[in-house]
Structure formats: C-alpha cells, structure tokens
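Here our numbering is used: position 181 in the sequence shown is 215, and no number is missing along the way.
Every residue, glycine too, gets a C-beta built ideally from N, C-alpha and C.
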Amino acid sequence: MAEQDSNNTKLEISVVVPVYNEDESLAELHERITTELSGTYRHEIIFVDDGSSDGSWQEIQRLSAQHEQTHGIRFQRNYGKSSALQSGFERAEGRYIVTMDADLQDDPAEIPAMIEMLAGGYDLVSGWKKERHDPLSKTIPSKFFNKVTSWVTGIDLHDFNCGLKAYKREVIENIYLYGELHRYIPLLARWEGYNRIGEKVVQHHPRKYGETKFGISRFMHGFLDLLTLVFINSYLQRPMHFFGTLGFFFLVVGGLINAYLAVMKLFFGTHLSGRPMLLLGVMLMVLGAQFFSIGFLGELINRNKGEPKKPNIKDKI
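So this is what it looks like as structure tokens:
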C-alpha cells in the first residue's frame, strides 16, 4: 500500500477520466478500476463529462449513486480534453493523480505499477503504448508527432499522447491546462521544476465501443500548440525581448539599405525611381517599427493579464 502522506491526505489515488460520448464503456471501465484498486489503495474516480450528447451523464449519475467514491463533473458544452482534465485535477483529493481515457483502450491494471514508480521517486509517469491497436492513419502520424515533440522539448518520451499517466499531487497543482495542452503535461511539469519524468510500457486494447473522436487534424493542432508553448515559456514575461529583437534587426537592415541608396543619390546621382531596394528598405523599417509596437503592447498586456476563462460547469455530484 502507498505510504501515508505527510499532510494526512485522505485518499491515495484519484483517477480522472475525461468522457465524451462513451456511455457504453463507463460501467465496465468503472468495474475494472475498482477491481484493481479496491483493497489496496483508498481511491476515488472522477468522471468529467465534456459535453456528451449520448447517455454518458446518466451513466455517471448511476455509478455515483451506487458508489460513494465515484464523482462526476458535467460541462455545459464540449470544451476539450485539456479543460476536462483541469476540472478533474481541481476536484481530485488524492495524493497521486491518474488520468486515463474512457474508451477501455487504457488498462487500469497498469495503475499500481505506475503508482509504485511515483512512490520510488518519479514526479510523473507516462504510459507508452508500444504495441497499438489503432489504424495506420492514426499510428504513423502519431509516431512522427512524438519524435518531433521529443526532439523539440528534449524530453525522452515515446508517447506524449498516451492518456494513461500518473502524477504526484504537487505536479498537477502547479500547472494549468487549457486549449490542447494535455499533450504537453510532461513539458509543463518540467518547466515547473519536476524533472523526474518516467515512462512505462502499457498494454493497449482495441476500441470496444464506438469510434475514435480524434481526427488527423489534432496532430497539426498539436504542433501549433508546441510552438506556442515554447514561445510562451521563453517570452511570456518579456515579449519585448522577442519582438524588439526582430524590430531592431529589420530597422537596422532597412536603415542600411536606405543609407546606401541615399549615398548613391547624393554623390553619384543615381536615380532611385523604379529600384526595388528602395521599396525593400522602407518596408523593412516599417516592419521594424511594427514589431517594436507589438512588443510594447505585449508588455502592457502582460502587466494587466487576467486568468484564463474556466469551463462553465453544469452539474457536480
């Protein structure tokens, strides 16, 4: 059994499950999680209904009524997986937080071993679906995405997209998810100083009910989110450092071009009409001034920024 927390946390494990139109799988998933954890860990299960249009919320209500350790959160509309996880994190009370998908492809039998890795010193343990039961249209782009993400972030993980992950409580308390940032929780955790990131090969099951909710467009969105994260981490508190550097570069290059043309006109009588270099020099100086302006606006916004908008929660159990 996991050791007691120094702050007397009641629960040892909180399992957070984002749900979007998965009513057929919820009862079986709940039974599997309960079977694996009951008698070994004090635990709770938090289902977050991300605006489902089927009977998912009714199934969550039924499970909650029958099992004291089962809770539910229901969004007014579909906000996305990151918002669902964030709401689940805020509700969770366990010392260790486990996330998994609701489609029965993640195996709850992997949870105890992942918890032992956390107890052994890791801050975060990410699952690796080494053998996947998905179509090639999903696995090939995923492999490419994971290789690029690992290279850009410097985090040696094979499967950033795996929904089965385990965290120490302090990790999820120091990150905030929105948009599509759930793919980059290991990166967000490392930026907060949680560098002990482990990986465990986990069993991946074929989808039993329904169809996948994710299309190939998610990988393009993922790369854009990665660029956004890298930029934000480097320049969130100092936007002028980025935009000001670009502005200075364009102003200097544009100024040198215009100075050269001015010398040619004054001392050699060169005609400037119809010369593309004149247009280029002026354009670069205008761009430089614009980048400086963006940098100043970024600094102003940074001084007056507010918190990101949170999901509109419809019900809680």
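Residue 41: buried (16+ other C-beta within 10 angstroms of its C-beta) or exposed?
With a pLDDT of 43 at residue 41, under the threshold of 50, the modelled position of that residue is not reliable, and the figure given next carries that caveat. Flag for residue 41 reads exposed.
What three-state label does DSSP hand residue 28 in the structure shown?
This structure cannot speak to residue 28, because the chain is shown only from 35 to 351.
Ends of the alpha helix (DSSP H) at residue 300?
From DSSP, the alpha helix (DSSP H) with residue 300 extends over 273 to 302.
Taking 7 Å as the limit between beta carbons, can you name the residues of its chain near residue 269, skipping five residues before and five after?
Cβ neighbours of residue 269 beyond the five flanking positions: 275, 276.
How about the stretch 95 to 104 and the stretch 182 to 197: do they share at least three Cβ pairs that are nearer than 8 Å?
No: fewer than three Cβ pairs fall under 8 Å.
Between residue 52 and residue 118, is the Cβ-Cβ spacing less than 8 Å?
A contact, by the Cβ cut-off of 8 Å.
In three-state terms, what does DSSP make of residue 160?
If DSSP states are grouped into helix, strand and coil, residue 160 belongs with the strands.
Could you give the DSSP three-state label for residue 111: helix, strand or coil?
Residue 111: coil per DSSP, three-state reduction.
Range of the contiguous alpha helix (DSSP H) that encloses residue 150
Residue 150: member of the alpha helix (DSSP H) spanning 145 to 153, first to last residue.
What residue does the alpha helix (DSSP H) around residue 204 start on, and which one ends it?
That run of the alpha helix (DSSP H) goes 203 to 207.
C-alpha gap between residue 260 and residue 179, whole angstroms
Their Cα atoms are separated by approximately 10 Å.
Could you check how far apart the C-beta atoms of residue 132 and residue 145 are, in whole angstroms? I think they sit under 8 Å.
Going by Cβ atoms, the distance from residue 132 to residue 145 rounds to 6 Å, so yes, they are a contact pair.
Do the CB positions of residue 200 and residue 148 come within less than 8 Å of each other?
In this structure, residue 148 lies closer than 8 Å to residue 200 by Cβ.
Classify residue 345 as helix, strand or coil using the three-state DSSP reduction.
Note: residue 345 maps to coil in three-state DSSP.
Identify every run of the beta strand (DSSP E) within the stretch 82 to 109, keeping only runs that are complete inside it and at least 3 residues long; order them along the chain.
As far as the stretch 82 to 109 is concerned, its whole beta strand (DSSP E) runs of at least 3 residues are 104 to 109.
Please report the distance separating the alpha-carbon of residue 202 from that of residue 317.
The straight-line gap from Cα to Cα measures roughly 52 Å.
Roughly how many angstroms separate the alpha carbons of residue 212 and residue 307, rounded to a whole number?
Roughly 52 Å between the two C-alpha positions.
Checking the sheet assignment: what are the DSSP bridge partners for residue 200?
Answer by DSSP bridge pairing, in chain order: 132, 159.
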